[in-house]
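Going down the list, the protein sequences come from chains B and S.
With the working numbering, letter number 79 in the first sequence gets 79, and the count goes up by one each step, no holes.
If you want the working numbering, it's the 1-based position in the second sequence plus 79.
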Amino acid sequence: MALTEQEILAGIGKIINEITGIPASEVSPEKNFVDDLDIDSLSMVEIAVAAQDEFGVEIPDEQLKHLKTVKDVINFIQN
Amino acid sequence: MSTDQVRVVVTGLGATTPLGGDVASTWSALLAGQSGVRNLTEDWVDSVPVKFAAVAAVDPTEVLPRPEARRLDRAEQFALVAAREAWAHAAIDKVDPERLGVVVGSGIGGITTILAAYDTFKEKGWQRLSPYTVPMLMPNGAAGWIGIEVGARAGVHATVSACATGAESIGYAIEMIRSGRADVVVAGGTEAAIHPLNIGSFAAMRAMSTRNDAPELASRPWDKDRDGFVLGEGAGIVVLESEEHALARGAKIYAVAAGVGYSADAHHIAQPEPTGAGVMLAMRRALENSGLTGQDIKHVNAHSTSTPAGDVVETLAIKEVIGAHPLVSGTKSMTGHLLGGAGGIESVFTVLALHERIAPGTINLDNLDDGVEVDIVRGEPRKLPDGQIAAINNSFGFGGHDVAVAFTSI
C-alpha cells in the first residue's frame, strides 16, 4: 500500500532530524533544503541514502540534484 | 628571562581526558593521584593481549549534539570538546579572523573511522559509506573543524609526529604568533585509538603493558617493574595569544609560552636513542629559544611513558641539560598515554603547574629504577617555588621526534 504524503513527510522529518538536528516539526513540504534548512550537499547524500533505506526507493544522483524541496522528495517517493 | 621576540602567552585551556571531561575535573583527579586506567569490556578484548586502557572519563557523544557527533571521528569529537572549553575559557570577544589560527594534530588520525568504513564498504558497498568518511579519517580533520568553529583564517595546520604531535602543534603555534602570522592560535593534540587493531599492533611491538591483573598499576614511569605504556585517549588544547593582544583585551594570562625546541634522533624508527642526544638537543634548543637557563627550569612534565627503554634516558638528558634540581612529574602514570593528545594535555598540566605552583605526582612508582638521578615527584604533588619560574614539557614520538616546550610563570 502506498504511503500517504503525511507518512512520507513524517519519515523525512525524522531522517533530517537524525542527520542535521533540525526539529522534524520544521520540515514542511514547501521548505527548500539549501535555502530554508541550510542543508549542504554532503548531508543531502546522507539524507538520500537514509530515505532509500526508509522507503525502499532508490534516488539516483542525477535525480537527487533536482530535488530542491521537501515536497520534491515526497513526490519522487510517491511516484 | 627576556627575549626580543614577540611574547606568547596562554589565555585558555581545554581538555577531555581519562581523568575528567574538562580541565578542572582532570586537574583535580591528577592532583589526587587517581588512575584513569580501567578494564575494557568490549567483545573484542579476548582477541588482544592487553585488556585495559585509559578510556575517556566522559564520552564525547554525551556532550556533543548527535547530528554533530555522527559526522566527526572520535578524535575530532575530543578535539572539538576540548577546543570549545579552551575557547570559552579564553573569552575572546573579538579577534580579526585573518589573525586567528589553529594548529591541532593527531598521531594516528581517524583510524576507527577507517576501519569501520571499510567494514561498511565490504558488507554494504560504497553507496552506504558516510559522505563524511574522508573528513572523518583525515588527520587534519580536527584542525579543520576547530577552524570552522572559531572562524580561523590565518591558517589551519595539523602537525603529525606520533606521540610528539600535541607538543609540536603548540610549538608551531608559538612560532606562528612570533613570526607575525597570527595574534591568536588554538593549538594542541587529540587521539582516539582504543581499537583492537591498534592494541594488537602496539602489542606486536611489545610496547604495551600487559598487567591485566592490575590495570591501575600498569602505568608506572621509572618503576623497576614497568612493562610498557598504557593506551589512553582524549585531547588537550590551549589558546595561545601574543602578549600585546592579550593585554589589550585585559585577558587573564595563565603562563608564558616561552619557546620550543625540536630535534630528531636519526636513530631508529621506534626505539629511543640510548644516549639521549636527541632529547638533550630538543631541551637545549627550548632553553635557547626561550632565553632561559637550566637554573630557571623548576619543573619538567616528562614524556616518561612507562616503557622500559625510554624513561631513564630522558632523566639522564634532563640532568645533563637542565640539572638534577627540577621537580619531574610522570603524569602518564595517571592519564595513560594519549599518543598525539599527550603533548596537548601535558602542556595544559605544565601551565597549571606554573599557575598554581604545584607539580603533579607520579603514581605507582614503588621502586625507582637504577640510574634515575633527578628529583622525581613520587606519590603526592609537591609545591613549586614562588617567584619567576619556568617549566618544560617533553614529548617524543615514534619516528625519532623530540619536542620540548618551555613555559614560564607570569
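Cβ coordinates follow ideal geometry from the N, Cα and C atoms, glycine included.
Cβ neighbours of S:Asp449 within its own chain (closer than 7 Å, five residues either side excluded): none.
S:Val427 sits in a helix when the DSSP states are folded into three classes.
Beta-carbon to beta-carbon, S:Gly389 and S:His378 are separated by about 20 Å, too far to satisfy the 8 Å threshold. Within the region 197-231 of chain S, contact with chain B at the beta-carbon level (separation under 7 Å) is assigned to Gln206, Arg207, Ser209, Pro210, Tyr211. A distance below 6 Å between beta-carbons, with the five flanking residues on each side excluded, links S:Met215 to the following residues of its chain, in chain order: Asp152, Gly189, Thr192. Of all residues in the region 61-72 of chain B, none comes within less than 7 Å of chain S when Cβ atoms are compared. The beta-bridge partner set that DSSP reports for S:Gly338 consists of S:Ala485.
Contact between S:Gly268 and S:Gly180 fails: their C-beta atoms lie close to 15 Å from each other, not under 8 Å. Proximity of chain B to S:Arg145 at the Cβ level (cut-off 8 Å) is accounted for by Glu18, Gly21, in chain order.
Residue state for S:Asp302 is assigned as strand, using DSSP reduced to three classes. Our two residues, S:Asp138 and B:Asn79, have alpha carbons roughly 43 Å apart in a direct line. Burial is judged here by how many other beta carbons sit within 10 angstroms of a residue's own beta carbon; S:Ala396 has at least 16 and is buried. Distances from the alpha-carbon of S:Asn446 to those of S:Ile424, S:Arg436, S:Gly458 put S:Gly458 closest. Taking the C-beta atoms as reference points, S:Leu159 is found no nearer than 9 Å to S:Glu141. Apart from the 5 residues on each side of it in sequence, B:Ile74 sits with its Cβ closer than 8 Å to the Cβ of Glu5, Ile8, Leu9, Ile12, Pro29 in its chain, given in chain order. Put simply, the backbone Cα of S:Ala469 is about 6 Å away from that of S:Phe486. Looking at the DSSP output, S:Lys462 shares a beta bridge with S:Ile437. Collapsing the DSSP output to three states places B:Val45 in a helix.
For B:Thr69, the secondary structure class from DSSP, reduced to helix, strand or coil, is strand. S:Leu319: member of the beta strand (DSSP E) spanning 313-321, first to last residue.
The CB of B:Glu46 comes closer than 7 Å to the CB of Ser209, Pro210 in chain S, given here in chain order. For B:Ser43, the closest Cβ of chain S is nearer than 9 Å. Residue range 376-380 is occupied by the beta strand (DSSP E) that includes S:Lys377.
Per the DSSP secondary-structure output, S:Phe475 pairs in a beta bridge with S:Asp481. Secondary structure of S:Ala469 (DSSP, three-state): strand. Put simply, of S:Ala135, S:Ala170, S:Val116 the residue whose alpha carbon is nearest the alpha carbon of S:Gly91 is S:Ala170.
Annotation: the continuous alpha helix (DSSP H) that includes B:Glu62 extends over 61-64.
Between S:Glu312 and S:Glu247, the CB-CB gap reaches or exceeds 9 Å.
Around the C-beta of S:Trp106, 16 or more other C-beta atoms lie within 10 Å, and the residue is accordingly described as buried. Here the alpha carbon of B:Asp53 sits roughly 18 Å from the alpha carbon of S:Tyr211.
The region 314-321 of chain S makes no contact with the region 400-409 of chain S: fewer than 3 CB pairs, one atom from each, lie closer than 8 Å. Three or more Cβ pairs drawn from the region 110-119 of chain S and the region 86-100 of chain S lie within less than 8 Å of each other, which places the two stretches in contact. Per DSSP, reduced to three states, the secondary structure at S:Ala136 is coil, with no helix or strand assignment. Annotated as distal: S:Val427 and S:Gly186, with beta-carbon spacing of 9 Å or more.
When 7 Å is used as the limit between beta carbons, B:Val49 is near these residues of chain S: Gln206, Arg207, in chain order.
Excluding five sequence positions before and after S:Arg461, the CB atoms of its chain that fall closer than 6 Å to its own CB belong to Leu406, Ala438, given in chain order.
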